[in-house]
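Only one structure is covered here, and it is reproduced in the block below.
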Amino acid sequence: MAISNEYIQQKLTEKFGDQVFNFEDTYGMLCFEAPKDLNLKVLQYLYDEPSLGFQFLTDLCGVNFPENPNRELAVVYHLHNLVENTRLRFKVFTPVATPDVFTATQLFSSANWMERETYDFFGVNFVGHPNLKRILNVDEMDYFPLRKEYPLEDQTRIDKDDEMFGRG
Amino acid sequence: MSDHNITLAEDAIERKTTTINLGPTHPATHGVFQNIMELDGERVVSSDQTVGYIHRAFEKLAERRPLYQITPITDRLNYCSSPINNMGWHLTCEKLLGVQTPKRVDYLRVIIMELARIADHLICNSIVGVDAGAFTGFLYVMQYRELIYEIYEEVCGSRLTTNIGRIGGFERNFTNTAFTKLEKFLKEYPVALGELESLLTRNRIFMERTIGGGPISAERALNYGFTGPNLRAAGVDYDVRVHSPYSSYQDFEFDIPVGKTGDNYDRFLVRNQEMWQSMRIIQQAYNKVQEFKGTDADVYHADVPEYYLPKKEDVYTKMEALIWHFKIIMGEVDMPKGEVYQSVEGGNGELGFYMISDGGRTPFRLHFRRPCFIYYQAYPELVKDSMLSDAILTMSSLNLIAGELDA
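Those protein sequence lines, which keep their order, are chains A and B. Count along the first sequence starting at 1, add 368, and that's the number in my numbering. Count along the second sequence starting at 1, add 15, and that's the number in my numbering.
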């Protein structure tokens with residue numbers, strides 16, 4: 369039934385060579401990366417190739433990794449082939465200084481609001497998006513709140529005096 | 016465009032169309048979100064939505080909380096079926112931690128989740144009735160939702176925002192009262208659901224109001240990321256319970272009802288059918304739960320000392336239990352590193368949890384895939400050229416829940 373992760377990886381490597389990399393199996397789901405300029409080409413290929421057919425965009429979201437130089441922001445796509453019932457996760461990374469990623473709205477109408485949400489919280493600039501403005505936060509906001517540079521007070525208290533708890 | 020013979024001068028201030036604000040607080044929207052609609056007479060020419068009025072930054076909040084403190088946050092997503100959100104979250108944690116839950120826990124969870132689905136669909140369908148002018152059904156079925164809430168209350172102590180269950184199982188075993196209440200529900204509810212159906216399903220007024228309103232084709236629905244009853248009403252038999260079974264759904268026999276045209280009437284029918292299917296599942300799960308005898312019948316959680324609170328009497332008498340209790344409450348347990356996506360079939364579609372853990376005590380990133388948020392963007396397309404009153408009906412038949420929309 370389901371398409372095997374090895375097959376997907378093989379097809380992608382055939383098409384894109386070493387432009388697609390970091391393949392891993394995370395709890396059964398194939399996960400891989402591509403350069404951000406290629407995101408639409410990869411999505412289009414996954415969509416059009418008959419033996420893959422990832423035509424359903426389950427989820428699109430951003431992640432901030434402040435520790436990774438030039439790879440601070442990630443856009444994560446969760447795709448689903450509903451016929452074969454196979455899911456995969458696809459990531460592109462972008463430097464926070466130039467957070468430009470091509471929009472997937474031409475391919476998936478559902479990407480519209482999800483990209484707006486990602487822009488709203490992480491400041492990823494989706495190039496070619498028809499209506500890229502804030503969606504959940506107020507329009508006047510001038511920062512991107514889900515980036516790690518805006519920390520919350522840490523309730524798990526690893527900052528507390530460990531000696532008092534026998535771990536000093 | 017207009018049917019009326021209005022001729023406006025070139026430089027006239029008046030326009031042929033009227034712009035109205037439906038919301039943010041409007042009795043017909045059943046939630047806090049705004050629709051700006053351009054009307055030509057009573058016909059919707061175009062519309063635009065504003066969301067975010069009750070945005071509470073759950074994803075940010077989750078980044079500083081240990082896992083068990085995130086459960087109450089998930090309550091507040093789709094608050095018509097909080098238990099499904101809670102269970103979805105527990106399943107996500109269990110997937111990350113590699114916890115295997117006992118079968119009895121799975122079946123108890125299935126009972127609670129299907130009850131929640133019934134409560135969710137019940138509200139949605141009866142509200143569709145209200146918006147079509149039939150208030151009776153809504154008031155009548157409320158007492159059956161009350162029966163469901165009483166079962167929640169018996170299991171976890173609360174009714175709306177339930178915080179039900181724990182990582183690995185339930186906080187306590189189901190009491191006999193809970194099962195008695197479940198039996199009462201199983202006996203009384205089918206009658207009421209039949210009555211609700213006989214009030215609406217073949218009602219001439221209701222049919223004429225709903226058939227053909229807010230339709231969507233299967234292709235557009237998929238492209239818009241529809242899931243759940245709204246997608247199934249368009250004719251696609253995608254159901255997370257069947258496609259990626261969780262909590263032992265593979266042990267149950269049930270059908271996926273599908274519609275054809277994706278209009279308001281089909282959505283209504285699909286939800287109604289799903290309630291019957293949920294009843295089937297609950298009955299099967301209840302039978303399976305009763306098959307457990309002796310000590311098996313007392314199993315209500317998995318053995319995960321790192322995340323499941325020890326018994327109170329142990330905390331007072333045993334050192335190890337005291338340590339675990341303290342570590343769990345203070346959120347001092349490090350999680351394994353990993354990335355996990357887990358989805359459940361929520362009240363209105365695939366509710367997904369995408370969690371990245373960097374090995375710390377809180378999620379590095381947690382993202383909720385909220386079905387409402389994703390399909391609400393199709394609303395302008397659904398209501399274009401329909402009457403304003405039908406646009407309102409479409410809104411309620413999509414089952415938009417503001418809490419889930421805004422997260």
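Note that beta-carbon positions come from the ideal geometry of N, C-alpha and C, so glycine has one too.
{"Item": "Span of the beta strand (DSSP E), counted from its first residue to its last, around G367/B", "Value": "G364 to D373"}
{"Item": "C139/B beta carbon less than 9 Å from that of S401/B", "Value": "no"}
{"Item": "Alpha-carbon spacing of D405/B relative to L397/B, whole angstroms", "Value": "10 Å"}
{"Item": "Alpha-carbon spacing of L500/A relative to Y390/B, whole angstroms", "Value": "18 Å"}
{"Item": "Cβ-based neighbour list, I407/B, same chain, cut-off 6 Å, excluding 5 preceding and 5 following", "Value": "A43 and D146"}
{"Item": "CB contact below 9 Å: R235/B versus chain D", "Value": "In the structure shown, chain D cannot be found, because the protein chains are A and B."}
{"Item": "Collapsed DSSP secondary structure at E354/B in the structure displayed", "Value": "strand"}
{"Item": "Three-pair Cβ contact test at 8 Å for the region 448-459 of chain A versus the region 391-403 of chain A", "Value": "yes"}
{"Item": "Contact list for D146/B against chain A, beta-carbon separation under 9 Å", "Value": "Per Cβ cutoff of 9 Å: no residues; D146/B is ~24 Å from chain A at best."}
{"Item": "Alpha-carbon to alpha-carbon, D266/B and N474/B", "Value": "One cannot answer for residue 474/B here, as it falls past the ends of chain B, which runs 16 to 422."}
{"Item": "Nearest-angstrom Cα separation, counted from Q474/A out to G496/A", "Value": "9 Å"}
{"Item": "Cβ pair I142/B, G362/B closer than 9 Å", "Value": "no"}
{"Item": "Under 7 Å from the C-beta of N493/A: neighbouring residues of chain B", "Value": "Per Cβ cutoff of 7 Å: no residues; N493/A is ~19 Å from chain B at best."}
{"Item": "Beta-carbon separation (whole angstroms), R247/B vs F269/B, contact threshold 8 Å", "Value": "Not quite, the Cβ-Cβ distance comes to about 13 Å (not below 8 Å), so this is no contact."}
{"Item": "Counterpart residues of N100/B in DSSP-defined beta bridges", "Value": "The partner list for N100/B (beta bridge, DSSP) is empty, contrary to what the question assumes."}
{"Item": "DSSP state of A422/B mapped onto helix, strand, coil", "Value": "coil"}
{"Item": "Near-chain A residues of the region 72-102 of chain B (beta-carbon distance less than 9 Å), N- to C-terminal order", "Value": "A72, E74, K75, L76, E78, R79, R80, P81 and Q84"}
{"Item": "Contacts of F497/A in chain B (Cβ-Cβ under 9 Å)", "Value": "The sequence as given places His at residue 497/A; Phe does not occur at that position. Those do not exist, as H497/A stays about 13 Å from chain B at its closest Cβ, beyond 9 Å."}
{"Item": "Close Cβ partners of K333/B (< 8 Å) along its chain, the five nearest in sequence each way excluded", "Value": "P325"}
{"Item": "Bounding residues of the alpha helix (DSSP H) (the contiguous stretch that carries Q64/B)", "Value": "Taken as a continuous stretch (DSSP letters only), Q64/B belongs to no alpha helix (DSSP H), being part of the beta strand (DSSP E) at R58 to T65."}
{"Item": "Contact under 9 Å by Cβ, Y261/B with Q357/B", "Value": "yes"}
{"Item": "Three-way DSSP call (helix, strand, coil) for H41/B in this model", "Value": "coil"}
{"Item": "Beta-carbon separation (whole angstroms), I35/B vs L23/B, contact threshold 8 Å", "Value": "Not a contact, Cβ separation roughly 19 Å."}
{"Item": "Helix, strand or coil at Y413/A according to DSSP, with G and I counted as helix", "Value": "helix"}
{"Item": "Residue span of the beta strand (DSSP E) that contains F48/B, given as start and end", "Value": "Where F48/B is concerned, there is no enclosing beta strand (DSSP E), given that its DSSP letter is neither H nor E."}
{"Item": "Beta carbon proximity, T466/A to chain B, threshold 9 Å", "Value": "no"}
{"Item": "Outcome for F341/B when other beta-carbon atoms lying within 10 angstroms are tallied against a minimum of 16", "Value": "exposed"}
{"Item": "Whole-Å CB distance - F194/B paired with V120/B, under 8 Å assumed", "Value": "That pair is no contact at about 16 Å."}
{"Item": "Where the beta strand (DSSP E) through M345/B begins and ends", "Value": "First-last for M345/B: undefined, no H or E at that position."}
{"Item": "N279/B vs I220/B beta-carbon contact at 9 Å", "Value": "no"}
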